[in-house]
Every structure is written in C-alpha cells, then in structure tokens.
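Q:
Residue numbers (this note's numbering): 921 to 1258.
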C-alpha cells in the first residue's frame, strides 16, 4: 500500500501531466504543489512509484509520466467527479430541451458530449429489449393493408406495413387496437408474447387470420437485431492528441468505425453505473492507447442504453466523468418526460 504522501505525489503527477502534456520532474512538483516536503523526498517518492509501476520515464526525459496502472489508481482512489458549474448545467438543459424526437435527442447528445469533453462521444440508442410499450397504433391504408406503429417509453417509434389475407373492417380494427393496448401498454417487451398469445381466439373466425398476422409483425418488431444502434461524434477531436498515440491514430479510428466493437465497449446497458476503462483494460487492442468513460441512462431507475466518450489515456478524468454523468442524467429526464 502506498502512503498518503506518495498518493498525493501521484495525484500531482497526473494533474500536471494532463495539464501540461510534459513529463513531470520533482522540482516542478514541489514548486506547483504544497506537498510539504523537499524535492529530494519527492524524488524518493517518485522512485518508489516508478518501481511499483505507477509512473514511467519516457525516453531520456528527466520527468515521469503516469502509466495505465497509475491512471487506474488515480481514478479509483484520488479523482473525485468534478461537478459542472451552473452555467454549464443550464447550457446542457437548454441544448437538449430543444430536441423534437429520439433521433434528435441522440444527435444533440453526441454533439454536446463531444463539445464538453473535447473527446469522441458515443451514444447508444435505447434498446427495445429494455423498453416498455407506450402505445400501439393500427391504421388502415387500404381494405387489406395496415400500418402498425409501435411507440416505446423512451420515445422510439417503429413502423411496419402489414398485408392482410383479407379485408379488415374499421370496427374490427378499432377493436383490435383497443384490446391490444389494454394488454401491452406499460408492459416490458419481454412480457408481450405471453400477454397476446390467446388474443386471436377472442375474435370472430373470419378475423383471426389478420389478428394473428398483426401479432406476428408486432412480435418480430420487438426482437429485431436492428435495435442495437449507436451514434458517434467528435472524431476530429482525436487529431488534437496525435502525440498521445504511440504509433498512429489510424487503429483508433478503425475501431471507432466498427460499431460492433463500440457496442461491446459500452457493455450491458442494465449496468447503469459509471465505468472507466484505461489503456490495456480495453479488450480491443486498437484501443490500448485510449480510455473509455461510460455510464447508463434511462427514463427510470434502470438504464436502457449507455453513453460515453473515448479519448487518450492522458485525460481530464474528473472533468470527463462529471460531464458524462451530467449529460446522462439530463437525457434520462428528457426520456421520462417525452
């Protein structure tokens, strides 16, 4: 276990390196921070931190920089989440409140996160499997053609065209719409199949085929793989950190283009807590020079998706964590009110 003083030295090294982009020496530390000890003592503490793998000496520089292990300890023990100022919070609320639909909410969130953190922002669309039904609408487009509109509690809207085997009257359509909504509104998607399985039997024989077709399309909509979508923005921000990537920025850009990789990186949305993965903690080797900060968001207590940022390991962790958490909270409020 490191002593409190050495933890303070590590905190100072991380803060200075993130702020100046330059390796940090003992003399600079004692000048910038009230450590209460001599430069010689700080040098000794830095030697211990280096032996323990928390800092390293780049090339022939006299200074030291944090390692992934050093950043990890900083995030776990030393870094508080920096609260946003009142003007920042108002700016977030005003920007997100203008959204007109779910696509707009996600698009605005990506732009906002990228601007606040100056990193790459990643926002996952709310997953249908963790949503509840707000309303099912059925519209007659022709005597034997219907449109099904599924609206979720997160504001997501899915539309499907249905070709029926026979004409379906307006009275039967209104009846089906009412019975369907009475069974599924407010219920989790996973519960819907069981809730509607006997619905065709409650209709006249001539209408049962159409009712079964409508239910089949509804259930297909609930389980389609297209639900796992995300939006990425602010990729150009990475060009500001060219020297933070040892060889080239290209592998990072390639990983960001692979949405499957990014979805795995975000992890299970049901885990709503904040996660910070640093450097080699990221399973994808192309992201070994980055840190990923994510948190869940949702309209209630349970997260329906995740959002976060990707940037170099030399990151303002307290500020980034504070921004990600604040934006997630506002997005959740918007979904709850939509």
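Here a beta-carbon is modelled for each residue, glycine too, at the ideal position from N, C-alpha and C.
All values reported here derive from a predicted model rather than from experimental measurement.
1. Leaving out five residues before and five after residue 1257 in sequence, what residues of the same chain have Cβ atoms less than 7 Å from its Cβ?
2. Tell me, which residues are paired with residue 984 by DSSP?
3. Can you give me the C-alpha to C-alpha distance between residue 1132 and residue 1003, rounded to a whole angstrom?
4. By Cβ distance, which residues of its chain are closer than 7 Å to residue 987, with the 5 residues on each side in sequence left out?
5. Could you name each continuous beta strand (DSSP E) segment of 3 residues or more that falls completely within the segment 1034-1111, going from the start of the chain to the end?
6. Nearest CA to the CA of residue 1083: which residue from 1059, 1100, 1076 and 1097?
7. What number of angstroms, rounded off, separates the C-alpha of residue 1090 from the C-alpha of residue 1096?
8. Specify, as a first and last residue, the run of the alpha helix (DSSP H) that residue 1171 falls within.
9. Mark residue 1236 as exposed unless 16 or more other C-beta atoms lie within 10 angstroms of its C-beta, in which case mark it buried.
10. Taking the alpha-carbon of residue 1039 as reference, which of 1222, 929 and 1210 has the nearest alpha-carbon?
11. In chain order, what residues of the same chain lie with their CB nearer than 8 Å to the CB of residue 1064, ignoring the 5 residues before and after it?
12. For the structure I just gave you, are there three or more beta carbon pairs, one from the segment 1098-1107 and one from the segment 1029-1044, closer than 8 Å?
13. If you compare alpha carbons, which of 1163, 1217 and 1226 is closest to residue 1250?
14. Have a look at residue 931 and residue 1047 and give me their C-alpha separation to the nearest angstrom.
15. What three-state label does DSSP hand residue 1130 in the structure shown?
A: Once the coordinates are examined:
1. Residue 1257 sits at position 337 when you count from the first residue of the chain shown. Nothing meets the Cβ criterion.
2. The count along the chain shown starts at 1 and reaches residue 984 at position 64. 944, per the DSSP bridge assignment.
3. Start at 1 with the first residue of the chain shown, and residue 1132 comes out as number 212. Start at 1 with the first residue of the chain shown, and residue 1003 comes out as number 83. Per the coordinates, the alpha-carbon of residue 1132 lies some 53 Å from the alpha-carbon of residue 1003.
4. Within the chain shown, numbered from 1, the residue matching residue 987 stands at position 67. The answer, listed in chain order, is 973, 974, 975 and 976.
5. As summarised for the segment 1034-1111, the continuous beta strand (DSSP E) elements at least 3 residues long and confined to that stretch are 1040-1044, 1053-1062, 1065-1072 and 1077-1083, given in chain order.
6. As a working mapping, residue 1083 is identified with position 163 in the chain shown. Out of 1059, 1100, 1076 and 1097, 1059 has the C-alpha closest to the C-alpha of residue 1083.
7. Counted from its first residue, the chain shown places residue 1090 at position 170. Counted from its first residue, the chain shown places residue 1096 at position 176. Residue 1090 and residue 1096 have their alpha carbons spaced roughly 10 Å apart.
8. Numbered from its first residue, the chain shown carries residue 1171 at position 251. That run of the alpha helix (DSSP H) goes 1170-1177.
9. Counting from 1 along the chain shown, the entry for residue 1236 is found at position 316. Residue environment analysis places residue 1236 among the buried positions, since at least 16 neighbouring C-beta atoms fall within 10 angstroms of its C-beta.
10. Walking along the chain shown from the start, residue 1039 turns up at place 119. Considering only alpha carbons, the answer is 1210.
11. Here residue 1064 is taken as the residue at index 144 of the chain shown, counted from 1. Cβ neighbours of residue 1064 within its own chain (closer than 8 Å, five residues either side excluded): 1083, 1084, 1085, 1086, 1087 and 1088.
12. These segments do not touch.
13. One-based indexing of the chain shown puts residue 1250 at position 330. Cα-wise, what sits closest to residue 1250 is 1217.
14. The sequence position of residue 931 within the chain shown is 11, counting from 1. The sequence position of residue 1047 within the chain shown is 127, counting from 1. Roughly 38 Å separates the two Cα atoms.
15. One-based indexing of the chain shown puts residue 1130 at position 210. Residue state, collapsed to three classes: helix.
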